[in-house]
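Let me begin by presenting the structure, written as structure tokens, before commenting on it.
Laid out in structure tokens, this is it:
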């Protein structure tokens, strides 16, 4: 069916360590993969995105990797800090729709 | 640049009452979205506008939900009558261009509680 699966649902990481969140999608034609960060009671904010013509994109401590063959993409956060604690959502457009289907979210907790 | 503005931020109503949410997108953004976000879940699209035209409302429960975007700028989402299961955060988002419509910017949302 049309879905975006996200794992894990919760993740606790020691401050300074790396965190990785993975999403799989069902439509091989999907060509845009954003990641949103949502702090408690606040709006989802776009933190990084990648299009299907590249395999990796980095922005300071965050990076996104894309494996089109396996239909999965991952968010990598290095040198984690307490302010990285939030819920992270992946998304992808599925089956020609001009809309994003969101994953179920990962609650990331950075342990000081 | 001002972001997407929504009001009210919070609303508590009794079931069977009507409620309306308002959204002002980022200036110049032609595409506007209304999402519903239930606790612990990702946003789910209710309706998408290209200018003043609703181009995707397949997920909108049309028996009780309605939306409009007069003049292709501000938008309102209405629920009448509200049910207990409508309690959620209603998010508005906008995009600057149809081709780049995947890049969405969200408003702060309206947290609706139906009692």
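Residue numbers (the numbering used here), protein chains in the order written: chain B, 4 to 115; chain V, 0 to 114.
Cβ coordinates follow ideal geometry from the N, Cα and C atoms, glycine included.
Contact list for residue i against chain V, beta-carbon separation under 7 Å
| i | result |
| --- | --- |
| residue 105(B) | 41, 42 |
Proximity of residue i and residue j at Cβ, strictly below 7 Å
| i | j | result |
| --- | --- | --- |
| residue 80(B) | residue 22(B) | yes |
| residue 125(V) | residue 12(V) | Outside the displayed range of chain V (0 to 114) lies residue 125(V), so it cannot be described from this structure. |
| residue 48(V) | residue 42(V) | no |
| residue 28(B) | residue 95(B) | yes |
| residue 93(V) | residue 102(V) | no |
| residue 20(V) | residue 83(V) | no |
| residue 113(B) | residue 83(B) | yes |
| residue 53(B) | residue 45(B) | no |
CB contact below 7 Å: residue i versus chain D
| i | result |
| --- | --- |
| residue 40(B) | Protein chains B and V are contained in the structure displayed, whereas chain D is not. |
Within chain V, partners of residue i - CB distance below 8 Å
| i | result |
| --- | --- |
| residue 49(B) | 102, 103, 104 |
| residue 45(B) | 107 |
| residue 2(B) | Residue 2(B) lies beyond the stretch modelled for chain B, which goes from 4 to 115, so this question has no answer here. |
Amino acids of chain B, ordered along the chain, whose beta-carbon sits closer than 7 Å to that of residue i
| i | result |
| --- | --- |
| residue 47(V) | 102 |
8 Å Cβ cut-off: residues of chain B touching residue i
| i | result |
| --- | --- |
| residue 59(V) | Those do not exist, as residue 59(V) stays about 12 Å from chain B at its closest Cβ, beyond 8 Å. |
Proximal residues of chain B, C-beta to C-beta of residue i below 9 Å
| i | result |
| --- | --- |
| residue 90(V) | 46, 47 |
Of the residues the options, the one placed nearest residue i, counting alpha carbons only
| i | options | result |
| --- | --- | --- |
| residue 98(B) | 34(B), 15(B), 19(B) | 34(B) |
| residue 58(V) | 85(B), 14(B), 102(B), 107(B) | 102(B) |
| residue 16(V) | 31(V), 46(V), 1(V), 81(V) | 81(V) |
| residue 52(V) | 67(V), 6(V), 61(V), 107(V) | 67(V) |
| residue 10(B) | 62(B), 87(B), 78(B), 85(B) | 78(B) |
Exercise. Enumerated in chain order, which unbroken segments of the beta strand (DSSP E) with a length of 3 residues or greater are wholly contained in the stretch 23-47 of chain B?
Worked result: 35-41
Exercise. Which of the residues in the stretch 63-87 of chain V, read from start to end, lie with their CB under 9 Å from any CB of chain B?
Worked result: none
For this session: Let me know the beta strand (DSSP E) ranges lying completely inside the stretch 22-86 of chain V, each 3 residues or longer, listed in chain order.
Result: 30-36, 43-49, 52-55, 64-67, 74-78
Exercise. According to a CB-to-CB cut-off of less than 7 Å, which residues of the stretch 85-98 of chain B neighbour chain V?
Worked result: Listed by position, the residues of the stretch 85-98 of chain B near chain V (Cβ gap below 7 Å) are 92, 96.
Problem set entry | Length at least 4, wholly inside the stretch 85-110 of chain B: the alpha helix (DSSP H) runs in chain order | none
For this session: With 7 Å as the limit, tell me which residues of the stretch 12-32 of chain B have their beta carbon closer than that to any beta carbon of chain V; keep them in chain order.
Result: none
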